[in-house]
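Structure first, then comments.
Protein chains in written order, with our numbering: chain B, 5 to 310; chain Y, 2 to 263.
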């Protein structure tokens, strides 16, 4: 039985359908991704799961309950990690965890032990009595995640967990999330970072304009919507558009971006040979494996962060 | 019960614990500073102006010193200020910048738990100010009746009315400029609600307007309590704040629901 089940889910603000009739299921223990550009409806979907946004149509159950009518019960089993940290800056790090746990009605003695264990998990034991404002961005993020785990949630909702973090901080965070997944926690992650989706998600849906445009594992989506390899060539921003016509037909598909042209083909090196045999000399060229970014470009016709 | 579904989890206590923890951590200075403002008014106006004014007519029709006349009014104002500070500026900051309520509402808490807890914290501040001020009044010898002890619970009732309405109104504000409107309403209300001089110096129409404002009812009630002299209006004053409190809390819950259950 799925832990989250949405059928025909709609959220409208006035004339705008922020979420426009989506269906999905998340199985227990699964790591599920919601992928899409800003404004695709990811965060709205997350808020509806937590019962802090009321749906306009459709059905939604979380652990078998309707989050709208059973908000407190549903949230008792959720860990919510918002896009922007909302730690309590008037409380010290450890007190942030304990106080948050009290909001769930959990006993203080239990929370004191749990807070210490979570500080260790978040690698923040030395910061236990520091003020929140003194933490780095990565530490705040880890504290937010530790806080979201205080009630031992069965489902963790992560809204763009690593936005704004440096690469090292992201890797530490991914490692922590992996451990949770190993413990059987269901992860629901929104992101507009492809590498993050590939790292974290067993299965994902791509959203655009409030609708689901594709669904599958990262590998399946790449197989289905892209070629094995991609050749990226740059001719300089003025010439890119001019050479497109000449490149017509030498790859399965072309994507013209402002700064480069992407040629989709099974064999990138062979495609590069064909480009040069046409007498074209790109300033730079790069052959790489297809990624979710390519799937996304194909499906939505634009790059992710716009 | 279905109207309450998702609104109330019966855990106001956790919101209060957070409030006291924060006070314990850092806010003692702010907490105390709010107490001194009316005390300074009392000393400056009561002794300074009081020397020029001499005696005025009290609620029982007999003359009383100017100091005794303004002291209960300043107590009512103090309760109002304490409650308003917590329920407007503090709430505004927590709502818009610190996002404390957003965090609270992603737990088992419902909007009504949060509203009740925050209003109760505002009442706690009002309670402290009232007790302190009553102590100052007693020391200055302006308290002449045991009824004055009832000024503390009445101060809480005044604080409740203002806190609930203040919080609900704050929910509409999104900029600091809008927040200034609160001061534009409160300052004249303090100056003209028969706090520093009797209401009968105004033309009749102005008197009606002032009598429609909440602070006037608080001031009159406190003045009556300070000397234990009551009249038919006593019940009206009490009733005003009861209605204001009930309406304010209801209003506040509706607003929190609209804000956080979008």
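No residue lacks a Cβ here, since even glycine has one placed at the ideal position from N, Cα and C.
query: Top-ranked residue by Cα proximity to residue 147 of chain B, from B:185, B:51, B:131 and B:183; result: B:131
query: is_contact[residue 116 of chain B, chain Y] using C-beta, thresh 8 Å; result: no
query: CB of residue 90 of chain B within 8 Å of CB of residue 38 of chain Y, strictly; result: no
query: Three-state secondary structure (DSSP) of residue 126 of chain B; result: coil
query: Local Cβ density within 10 Å of residue 191 of chain Y, reported as buried at 16 or more and exposed below that; result: buried
query: Where residue 17 of chain B sits in the DSSP three-state scheme; result: strand
query: Helix, strand or coil at residue 49 of chain Y [DSSP, three-state]; result: helix
query: Under 8 Å from the C-beta of residue 54 of chain B: neighbouring residues of chain Y; result: 107
query: The stretch 97 to 109 of chain B: positions lying closer than 8 Å to chain Y by Cβ; result: 99, 103, 104, 106, 107, 108 and 109
query: Chain-ordered chain B contacts of residue 97 of chain Y [CB-CB under 8 Å]; result: Here the premise fails: no neighbours, minimum Cβ distance about 12 Å.
query: Residue 84 of chain Y versus residue 160 of chain Y - alpha carbon distance; result: 5 Å
query: Proximity winner among Y:106, Y:59 and Y:91, relative to residue 145 of chain Y (alpha-carbon distances); result: Y:59
query: C-beta neighbour in chain Y for residue 278 of chain B, strict 8 Å; result: no
query: Nearest-angstrom beta carbon gap, residue 296 of chain B and residue 202 of chain B [assumed within contact, 8 Å]; result: 6 Å
query: Min CB distance residue 111 of chain Y to chain B below 8 Å; result: yes
query: Residue(s) in a DSSP beta bridge with residue 323 of chain B; result: Not covered by the structure: residue 323 of chain B. The range shown for chain B is 5 to 310.
query: Chain-order list of residues whose beta-carbon lies under 6 Å from that of residue 254 of chain Y (same chain, five-residue window excluded); result: 113 and 116
query: Under the three-state DSSP convention, the category residue 249 of chain B falls into; result: helix
query: Between the CA atoms of residue 50 of chain Y and residue 261 of chain Y - distance to the nearest angstrom; result: 49 Å
query: Three or more C-beta pairs below 8 Å linking the stretch 133 to 149 of chain Y and the stretch 227 to 237 of chain Y; result: yes
query: Where residue 65 of chain Y sits in the DSSP three-state scheme; result: strand
query: Close beta carbons around residue 149 of chain B, own chain, < 6 Å, minus the five adjacent residues each side; result: 85
query: Same chain only: Cβ atoms within 8 Å of residue 292 of chain B, ignoring 5 sequence neighbours per side; result: 233, 234, 236 and 272
query: Meets three-Cβ-pair contact criterion under 8 Å: the stretch 97 to 105 of chain B and the stretch 172 to 187 of chain B; result: no
query: Cutoff 6 Å; reference residue 172 of chain Y; Cβ partners in own chain excluding five residues on either side; result: 256 and 260
query: Assigned secondary structure, residue 278 of chain B (DSSP; H/G/I helix, E/B strand, else coil); result: helix
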